[in-house]
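Here's the structure, in structure tokens; my notes come after.
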Amino acid sequence: MPGSTRHTTRFVYLLRHPASIVRSWHEADPQARPVEEAVRHTLHYMRHLEESRRGHEGLVVRYERLVDDTEGELRRVCAWLGVEYEPEMIRYGDKDHGEFVKGIGDWRDKIRSGRVQRGRPLPAPEEVAEPLREIAEAWGYL
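For reference, each letter of the sequence shown is one residue, going 46 to 187 in the working numbering.
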């Protein structure tokens, strides 16, 4: 059809150490999210992500690398998506995005700082809760 643009679906899988995901989700509201609930809740999402990874080719981006080398990783993502990298992509604090909505991702002080924050140290293998071990292995963390 003249003038139409064909788009290709491209998946980008953002992985983070499963124990770090749990810890972050728990710390966002420790009273309402005890650690056991945080494990159960976040593992549900991690399993769906892994199911998608097994069924669809995609680019794997590790959170730990993204916060350590933000520009390099975003350039890699842009190349995968076929879009041009722009330095403004990592200067998200330069614009008012309105209120951040509470949910899975960060909506508190770190994101409101307007700049990428360093990641926390990875947990030692013995610190990974048993229910998280299988997904941690599948993602190459154990």
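Where is the CB? At the ideal position from N, CA and C, for every residue including glycine. These numbers were taken from a predicted model, which means no experiment stands behind them.
{"query": "Alpha carbon of residue 127 to alpha carbon of residue 135, nearest angstrom", "result": "18 Å"}
{"query": "Proximity of residue 189 and residue 112 at Cβ, strictly below 9 Å", "result": "As displayed, the chain neither begins before 46 nor continues past 187, which places residue 189 out of reach and without an answer."}
{"query": "Contacting residues, own chain, Cβ-Cβ under 6 Å from residue 173 (five flanking each side not counted)", "result": "64 and 181"}
{"query": "Exposed unless 16 or more other CB atoms sit within 10 angstroms - verdict on residue 96", "result": "exposed"}
{"query": "Separation of residue 62 from residue 186, as counted between CA atoms", "result": "6 Å"}
{"query": "DSSP state of residue 55 mapped onto helix, strand, coil", "result": "coil"}
{"query": "Alpha carbon of residue 108 to alpha carbon of residue 167, nearest angstrom", "result": "11 Å"}
{"query": "Where residue 46 falls, given that 16 or more other Cβ within 10 Å makes a residue buried", "result": "Below a pLDDT of 50, predicted positions are generally treated as unreliable, and residue 46, at 48, falls in that range; the measurement from the model is reported next regardless. Under this definition residue 46 is an exposed residue."}
{"query": "Beta carbon of residue 101 nearer than 9 Å to that of residue 56", "result": "yes"}
{"query": "Pairwise C-alpha distance: residue 90 and residue 124", "result": "27 Å"}
{"query": "Residue 165 - containing alpha helix (DSSP H), residue span", "result": "Careful: residue 165 lies outside any alpha helix (DSSP H) and carries neither H nor E."}
{"query": "C-alpha distance - residue 152 paired with residue 73, whole-angstrom precision", "result": "Caution applies to residue 152, whose pLDDT of 48 falls short of 50 and renders its modelled position unreliable; the model cannot decide the point."}
{"query": "For residue 112, the three-state DSSP class (helix, strand or coil)", "result": "helix"}
{"query": "Cα-Cα separation between residue 163 and residue 115, rounded to whole angstroms", "result": "10 Å"}
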